[in-house]
Structure formats: C-alpha cells, structure tokens
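Enquirer: One structure coming up, written as structure tokens, with questions to follow.
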Amino acid sequence: MKTPFSIIIADDHAMFLDGLTSILAEEKSINIILTAKTGTQVLKYIRINTDQKVDLVITDINMPEMDGVELNAVIKEEFPHIKTLVVSMLEDAKKIKTLTEANANGYISKNAEKTELLKAITSILGGQNYFSPHIKQILMEAMFSAKSEPEISLSKRETEVLKLIAQEFTTQEIADQLFLSKHTIESYRKNLISKLGVRNLAGLTRYAVEKGMLK
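Residue numbers (my numbering): 1136 to 1350.
Here you go:
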C-alpha cells in the first residue's frame, strides 16, 4: 500500500481551516499531520520534527506573526523539498509575483471549487506547479501594465533624499546629513511628490518600499 502524502495546513480562519481539513480527510492518499494558525507554528513543527516527512504545506497569506509569503520563503530556503500551495482570498499581483519568484508551487483562490483544490494538490504532489487560470490572468495583466508604465528616472541626490524621507528623517535631519539647506530639501521633496505622482510623504515612502529602496 502506498504511503499517504503528509500535509500541513496553515490558516488563521477557523471555519476555513475546518472546512479544508474536512475535505482532505476524505482523501485516502492524504494524511494531515498538522493544522496551524500561524506560519511560526508551522516552521517550529518542521524544525523540531526533522524525521517527519512533510510533502506539502497549504497556507493562507494573511496570518499573524508570520504571513504566508514569509513562510513560503523560509520553507523554500530551509526545506526546498517541501512543496507549497497558497490558498487565499488576496489577489494582489505584487504578492503573487513575490511568491512565484520565491518558488511557491501553486496559488488558488479560497473561492475555488473542491475539484480545483484537489487538482492543484494532486498536480503539485505529482511534481507540477499549479496556478489557477484567474491567478495567471492577474499576473499577465500586471506584467503588461508594468511594461506600459514609463520608467521614472531619479538623480542620485533625489534617491538619497527619498530614502531618508522613507526612513522618517525630518527635513532638518536630511539637510544636516546631506550638507544642504532645509529649503533645498523642501524643494527636493516637492519635486519628488510631483515627479512620482504621489500626494504626500506617505506616498513617497510607499514608492520607496515598492521599489526596494530601503534594503
């Protein structure tokens, strides 16, 4: 008799967790070895139970302590043999792209039918990735949208000012660090807001974070 696949499910919504567990409990080829409400609990279990075979981790994205994006990244770094499937209501193209770049093996919506859920799990356990048609469409639209957006070029000084703004330095502190006048920094700030098409300092900070400028 073939050994069942060992699966971990992580989701902080009790009703969805119970529902998914109930669906998979009917599958003889699947053995649920852990249900968790946070990514931290999942990692703790895997790290402690090194002799336990884990074939697949099914995870939501929005969870306390450690979300599904970070959980996937850590699993792929420490336990690359473990497959991952994201099941989430979130359809944010940037997070989906981050997950694909971090080698997540699949992504489907929580609204998916039982048949698609089982198809995704079967495909992944069989060695293939599975991303639902809807998720693929979101990625494609985001890719074409990004290509159509003109690339904004910032000077070295503009980049320096933007980074310091995003790090919550005051105008005077930025001026002191860059050996410029407070008036000059205010001018840079106004120009950056106009150039990047944002409304305020929060918009500048968000832009810096999205572009990975604070790493």
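Think of the CB as a built atom: it goes at the ideal place given N, C-alpha and C, for glycine as much as any other residue. Just so you know, these numbers come straight off a predicted model, no measurement behind them.
May I have the straight-line CA-CA distance separating Thr1305 from Ile1287, to the nearest angstrom?
Expert: Their backbone Cα atoms lie some 25 Å apart in a straight line.
Enquirer: Taking only three categories from DSSP, how would you classify Ala1145?
Expert: The answer is strand: DSSP assigns Ala1145 an E or B state.
Enquirer: Quick one, which of Pro1139, Val1177, Thr1138 and Leu1169 has its alpha-carbon nearest Asp1153's?
Expert: Measuring from the Cα of Asp1153, the nearest candidate turns out to be Leu1169.
Enquirer: Pull up the CB-CB distance for Ile1259 and Tyr1242, whole angstroms please, since I reckon it's below 8 Å.
Expert: Contact flag wrong, Cβ pair sits at about 11 Å.
Enquirer: Locate the alpha helix (DSSP H) running through Val1177, then write down its first and last residues.
Expert: From DSSP, the alpha helix (DSSP H) with Val1177 extends over Gly1174 to Ile1183.
Enquirer: List, from N- to C-terminal side, the alpha helix (DSSP H) runs of 4 residues or more that fit wholly inside the region 1233–1321.
Expert: Entirely contained in the region 1233–1321, the alpha helix (DSSP H) runs reaching 4 residues are, in chain order, 1249–1260, 1268–1283, 1291–1301 and 1306–1313.
Enquirer: For Lys1218, I'd like the list of residues in its chain whose CB is within less than 6 Å of its CB, leaving aside the five on either flank, ordered along the chain.
Expert: Within the same chain, Lys1218 has close Cβ partners Leu1191, Asn1240 and Ile1259.
Enquirer: Going straight from the alpha carbon of Leu1349 to that of Lys1298, what length do you get?
Expert: Near 7 Å, if we compare the C-alpha coordinates of Lys1298 and Leu1349.
Enquirer: Can you list, in chain order, the residues of its chain with a C-beta nearer than 6 Å to that of Glu1200? Leave out the 5 residues immediately preceding and following it.
Expert: Thr1173 and Thr1175.
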